[in-house]
Amino acid sequence: MKLSIAFLLLVLLFGGCMQKQDFQTLINDDRTYTKAIGYTKSATLRQNGTSVAVATFIYINQLYKDLYTDGEYFLVGLDFEGENTLSHDGVQLLLYNPQSFQFQPNEKRMDFYAAPIEVTVVEKDQFIELPLRNSWSSYYLVKFEKREVNTLKLRFGNENLGYQDFTIIKDREKN
């Protein structure tokens, strides 16, 4: 009994010395991580039954509302067989563009998707609070033009490996 009282006093003594700000940071980081899971999609491109590319996409506008306001931003993690670049083997990341929704007689469906306007390599110490970060993937911050819709349609792949489409709801509270 004396041992448990001594232990309790010790915990209270050291727990009381912890700064409230540190505890709040710990809670906020956990909320960012948890919220990011809802904005995360992943894809695996296969060729002859073998995985050629694994990609993870995190829509970060809702996670960092004050920082990313001038476009639609995604953190993209890539693990390609061989080279880990966003343009490896003609693989593309595209965003559906509703402004180009005027049909032309011989128009391909790919014409309705827009390429990123900016791609930046992400350093290893950036966005470490987000899920699915690992040491073997390469990470990019990908910016698309701002869309005034609540649903984003993302396309990843190429003509040889096929395409995977994803839908991301920008603001889940509106739906």
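Basically the numbering used here = 1-based index in the sequence shown + 3. By construction, the Cβ of each residue, glycine as well, lies at the ideal position given by its N, Cα and C atoms.
When DSSP labels each residue in this structure, what does residue i get in the three-state scheme?
i, result
"TYR42", "coil"
"ASP174", "coil"
"TYR166", "strand"
"THR53", "strand"
"TYR36", "helix"
Is it buried or exposed for residue i, if we count other Cβ within 10 angstroms and need 16 for buried?
i, result
"TYR142", "buried"
"ALA118", "exposed"
"GLY52", "exposed"
"GLY182", "This structure does not reach residue 182, given that the chain is present from 4 up to 178, and the question cannot be answered."
"GLY165", "exposed"
Which residue or residues does DSSP assign as beta-bridge partners of residue i?
i, result
"ILE61", "THR43 and LEU78"
"TYR143", "VAL79 and VAL124"
"ALA118", "According to DSSP, which records beta bridges pairwise, ALA118 is partnered with nothing at all."
"PHE130", "Paired residues: none, contrary to the question."
"LEU155", "ILE171"
Report, in whole angstroms, the separation of the C-beta atoms of residue i and residue j, which I expect to be a contact under 8 Å.
i, j, result
"PHE77", "VAL152", "Not really, about 16 Å apart at Cβ, beyond 8 Å."
(request) Would you check if the stretch 167-175 and the stretch 44-51 touch, i.e. whether three or more CB-CB distances between them fall below 8 Å? (result) Touching, per the Cβ criterion.
(request) Answer yes if the stretch 32-40 comes into contact with the stretch 118-128, meaning at least three C-beta pairs across the two stretches below 8 Å, and no otherwise. (result) When Cβ pairs closer than 8 Å are counted between the two stretches, the stretch 118-128 is seen not to touch the stretch 32-40, the count staying below three.
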